[in-house]
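K.L.:
Let me give you the structure first, and then I'll get to my questions.
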Amino acid sequence: MDISTHTPTAPPPSPRPGQAENRTVRGATRPGDRIFLGLSRGSGIALLLIMASIAVFLTYRAFKVLPEDTGNFFTTFEWNTNVTPPDFGIAVLVFGTVVSSIIAMALAVPVAVGIALFLTHYAPRRLSGPIAYVIDLLAAVPSIVYGLWGALILVPNLDGLYGWLDDYLGWTGIFDWQGGAPRSLLTVGILLAIMILPIITNVSREVFRQVPRMHEEAALALGATRWEVVRMSVLPFGRSGVISASMLGLGRALGETIAVATVLSPTFEIKASLLDPGGGTFAQNIASKFGEATEQGRDALIASGLVLFVITLLVNGAARLIIARRAEYSGANA
Amino acid sequence: MSTTLTSKHRSTLRGGHLPKWSPLAIIAGSVAAGLGISAAAGLHSSIQWALIAAVVFVVATYGIAAKVEGRRQAKDRIATSLIWVAFLLAVIPLASLVWETVKRGVKVFDVYFLTHSMGVVADTEPGGGIYHAIIGTLEQVGLASLIAVPIGVLTAIYLVEYGKGKLAKAITFFVDVMTGIPSIVAGLFILSFWILILDMGYSGFAGSLALSILMMPVVVRSTEEMLKLVPNELREASLALGVPKWRTILKVVLPTSIGGITTGVMLAVARITGETAPMLLLVWGTNFINNNPFEGPQASLPLYIYQQYANSSGANAAYDRAWAAALALIAFVMILNLVARGIARWKAPSQH
């Protein structure tokens, strides 16, 4: 498949760095070259092998326990894995993961786009550089620190918001609050939103900065206000970039473990109200159930991890597709 | 659109303009209105009065601006204030995060804290420190880097210098996919493979294996970007002198891009240093100093924070330690980031 690197080939239509020397006739035949090529190709193949074995080993362990499951893996509302026969299902985890991620996205994406626009088009220039730098750094804050902050600072400060939501929107059922500690899926969603805010902001800002100057100046020359410039030239250009940035954030929110585990007080049930403690997410369930799990219980957790793996693969694949499409179109846009 | 044309300021070219201080005045007015209305109606929720103030602000801004400047300008003003609000809204939690960590972290953060383990200290009592966790984290991250950096850099070299065809495409695709693997899934993989199937015990090294999986794609990505920045002329000049390709890569390409590669590696290290989830599954955690990463449970800084929080049943001493450890972790990650960016700026390969 890639043996062609040994033989001289026609120069590629668009020369990429490093490929010019493929034209050397004797380049790859020296022993040093062969060893080096073997090493670097071997590393690449090792990487592929790791990816493959993640899928293989998770599947292998998962299928050791799945046939034993007396419940339905997809619809059972239980997680009794340490008894024989085990009885467990991921319905609650799917619900919790999806709901908390949706809340996080709904809160984070508009705000992140707002900040990105603020930094590229609204903020005084002296301010925007340092702020962008700080937000960049905030993306590197470890999730356990967000978790600690969420559990000890955010949770005690949410009583007011919860009370207000219950007073005015409690009749919907979704925002009905029984008065427990606000360690619910809504809190998880809010914390996840705060966590993914920096990364979505950063990527969106990069995209907005690449908007062709001409588009904006053309709009300004027609007498557009700043908001009209943003709406007519910046947002259409940046749309796919914002979508893929959001997908990156979504991937993070789906797989976030420790911050969710510190904030949520989990129960294995689906509740209509987002404000009552309960529910769980894939990653959080693995972290909190792992300590007391027997070998069978671990296999069950691995089975749920496999589902999470597949979900994140799908989300990332979708993000990649969007980015690839954007690369195709950007030539026409510019 | 037609409103501007029909506005009464048609005679001047620029139309009507609100004075610069008008947004501030409207803010002040609407806050006062919000407070006033809430006080009059006996509402005590601060969210309630803020919401009333916000509604008053939007209506007033739109109304006044539409009257003086036209409807398009009014929309622009609303959008501007929304964007400012988005920014301020995000600053509050992020600033609070940094502020609280520093404020609460400095309480027990001292030399004693950095140089003592939790060996003889019960989780609920004051005293003790993070020495064992620092040892654990340094060893685990070091081992992970030893595994991930060579594989990552070599893969990037393959992709940039040799890669063509299906294999390179597949590697590129799966590196991207690998970037998105949740850390807990990497942990589960090592758990199933290393601990459940090979029957090795919990150890710092098991954690390193999981960390290296998380680190590899980041290293590949950043190294690839840096290698692509190396001008082709340099390679051609070296090859034209009859230097073999592998020596060209080692002696010309890598030294040219070493600054950027170092930056990428340091950012990757900063990223994996804060990983808790795989540590929870693989390293298990201990209160004692364990200098051997290959045998027995070890501690690690993020895991220490989690366990101080989770296992202490709300003891203030444990929370203080958790905050101080969080401060140490943030400081470490931030210093790595700052140094990495410094190197990037200092050693950036010139593109001309």
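For the record, the sequence lines run as chains G and B.
In terms of UniProt numbering, the first sequence is residues 1 to 334.
In terms of UniProt numbering, the second sequence is residues 1 to 352.
Think of the CB as a built atom: it goes at the ideal place given N, C-alpha and C, for glycine as much as any other residue.
Would you tell me roughly how many angstroms separate the C-alpha atoms of asparagine 285/G and alanine 144/B, rounded to the nearest one?
P.N.:
Distance between the alpha carbons of asparagine 285/G and alanine 144/B is about 26 Å.
K.L.:
Whose Cβ in chain G lies nearer than 7 Å to the Cβ of alanine 270/B?
P.N.:
The contacting residues are Ala140.
K.L.:
Glycine 96/G to valine 315/G, Cα distance in whole Å?
P.N.:
Each residue's alpha carbon lies about 17 Å from the other.
K.L.:
Classify proline 198/G as buried or exposed, calling it buried when 16 or more other Cβ atoms lie within 10 Å of its own Cβ.
P.N.:
By the neighbour-count rule (16 or more Cβ atoms within 10 Å), proline 198/G is buried.
K.L.:
Just by C-beta distance, which residues in the segment 191–206 of chain B are closer than 8 Å to chain G?
P.N.:
Under the 8 Å Cβ criterion, the segment 191–206 of chain B contributes Leu191, Ser192, Phe193, Leu196 and Ile197.
K.L.:
Use the C-beta contact count for tyrosine 112/B: other C-beta atoms within 10 angstroms, 16 or more gives buried, fewer gives exposed.
P.N.:
So tyrosine 112/B counts as exposed.
K.L.:
Going straight from the alpha carbon of glycine 128/B to that of valine 155/G, what length do you get?
P.N.:
Going from the Cα of glycine 128/B to the Cα of valine 155/G covers about 27 Å.
K.L.:
The alpha helix (DSSP H) with histidine 215/G in it runs from where to where?
P.N.:
From DSSP, the alpha helix (DSSP H) with histidine 215/G extends over 213–221.
K.L.:
How many Å lie between alanine 325/B and histidine 116/B at the Cα?
P.N.:
Looking at the two C-alpha atoms, the distance is approximately 12 Å.
K.L.:
Taking 8 Å as the threshold (beta carbon to beta carbon), is glycine 274/B in contact with chain C?
P.N.:
Of the protein chains in this structure, namely G and B, none is chain C.
K.L.:
So, helix, strand or coil for glycine 29/B, using DSSP?
P.N.:
Glycine 29/B: helix per DSSP, three-state reduction.
K.L.:
Measuring CA to CA, which of Ser128/G, Trp177/G and Ser240/G is closest to alanine 319/G?
P.N.:
When each option's Cα is compared against that of alanine 319/G, the closest is Ser240/G.
K.L.:
Three-state secondary structure (DSSP) at tryptophan 79/G?
P.N.:
Tryptophan 79/G falls in the strand class under three-state DSSP.
K.L.:
Along the chain, where does the alpha helix (DSSP H) that runs through glycine 259/B open and close?
P.N.:
Glycine 259/B -> alpha helix (DSSP H) spans 254–273.
K.L.:
Skipping 5 residues on each side, what residues in its chain have a beta carbon closer than 7 Å to that of isoleucine 78/B?
P.N.:
Contacts found: Val58, Thr61 and Tyr62.
K.L.:
For glycine 279/G, which beta-bridge partners are listed by DSSP?
P.N.:
Glycine 279/G is bridged to Thr267/G.
K.L.:
On the three-state DSSP scale, how would you describe aspartate 33/G?
P.N.:
In the structure shown, aspartate 33/G sits in a helix (DSSP, three-state: H, G or I).
K.L.:
Using a Cβ-Cβ cut-off of 6 Å (strictly less than) and excluding sequence neighbours within five positions of tyrosine 306/B, which residues of its own chain qualify?
P.N.:
Same-chain partners within the cutoff: Thr276.
K.L.:
Phenylalanine 189/B touches chain G at which residues, Cβ-Cβ below 8 Å?
P.N.:
Under the 8 Å cutoff, chain G gives Ser53, Ile54, Phe57 and Leu58.
K.L.:
Excluding sequence positions up to five away, which residues of its chain have a Cβ less than 6 Å from the Cβ of alanine 168/B?
P.N.:
Once the five neighbours on either side are set aside, the close Cβ partners of alanine 168/B are Leu159.
K.L.:
Count Cβ pairs between the segment 197–212 of chain B and the segment 68–75 of chain G that sit closer than 8 Å; are there 3 or more?
P.N.:
Judged by Cβ distances under 8 Å, the segment 197–212 of chain B makes no contact with the segment 68–75 of chain G, as fewer than three pairs qualify.
K.L.:
Looking only at C-alpha atoms, which of Ile194/G, Ala62/G and Val98/G sits nearest to threonine 81/G?
P.N.:
The shortest Cα separation from threonine 81/G among Ile194/G, Ala62/G and Val98/G belongs to Ala62/G.
K.L.:
Taking the DSSP output, what are the residues bridged to aspartate 123/B?
P.N.:
Aspartate 123/B pairs with nothing; no bridge assigned.
K.L.:
Mind listing the chain B neighbours of glycine 114/G? Cutoff is C-beta to C-beta under 9 Å, in chain order.
P.N.:
Correct list: Leu82, Ile83, Trp84, Val85, Ala86, Phe87, Leu89 and Ala90.
K.L.:
With a cut-off of 8 Å, does the C-beta of glutamate 100/B fall near any C-beta of chain G?
P.N.:
True, the Cβ-Cβ gap to chain G drops below 8 Å.
K.L.:
How many Å lie between residue 356/B and threonine 225/G at the Cα?
P.N.:
Any question about residue 356/B goes unanswered here, given that chain B covers just 1 to 352.
K.L.:
Considering only DSSP beta bridges, list what phenylalanine 88/G is partnered with.
P.N.:
Trp79/G, per the DSSP bridge assignment.
K.L.:
Do you know offhand how far isoleucine 54/G's Cα is from isoleucine 134/B's?
P.N.:
Straight-line Cα distance between these residues: approximately 29 Å.
K.L.:
Using a beta-carbon distance below 8 Å, is tyrosine 122/G in contact with chain B?
P.N.:
Chain B, which has a Cβ nearer than 8 Å to the Cβ of tyrosine 122/G, makes this yes.
K.L.:
Between the segment 318–333 of chain B and chain G, which residues of the former have CB atoms less than 8 Å from a CB of the latter, in chain order?
P.N.:
So the close ones are Tyr319, Ala322, Trp323, Ala326, Leu329, Ile330 and Val333.
K.L.:
In the DSSP assignment, what are the bridge partners of serine 184/G?
P.N.:
Answer is Pro277/G.
K.L.:
Just by C-beta distance, which residues in the segment 136–160 of chain B are closer than 9 Å to chain G?
P.N.:
Here the close residues are Pro150, Ile151, Gly152, Val153, Leu154, Thr155, Ala156, Ile157, Tyr158, Leu159 and Val160.
K.L.:
Is it the case that the Cβ atoms of isoleucine 102/G and serine 304/G are separated by a distance below 8 Å?
P.N.:
Taking 8 Å as the Cβ cut-off, isoleucine 102/G and serine 304/G do not qualify as a contacting pair.
K.L.:
Helix, strand or coil for tryptophan 284/B per DSSP?
P.N.:
Correct three-state label for tryptophan 284/B: strand.
K.L.:
Identify whether isoleucine 194/G lies in helix, strand or coil by the three-state DSSP scheme.
P.N.:
The answer is helix: DSSP assigns isoleucine 194/G an H, G or I state.
K.L.:
Note down, in chain order, each residue of its chain lying with its Cβ closer than 6 Å to the Cβ of tyrosine 168/G, except the 5 sequence neighbours on either side.
P.N.:
Contacts found: none.
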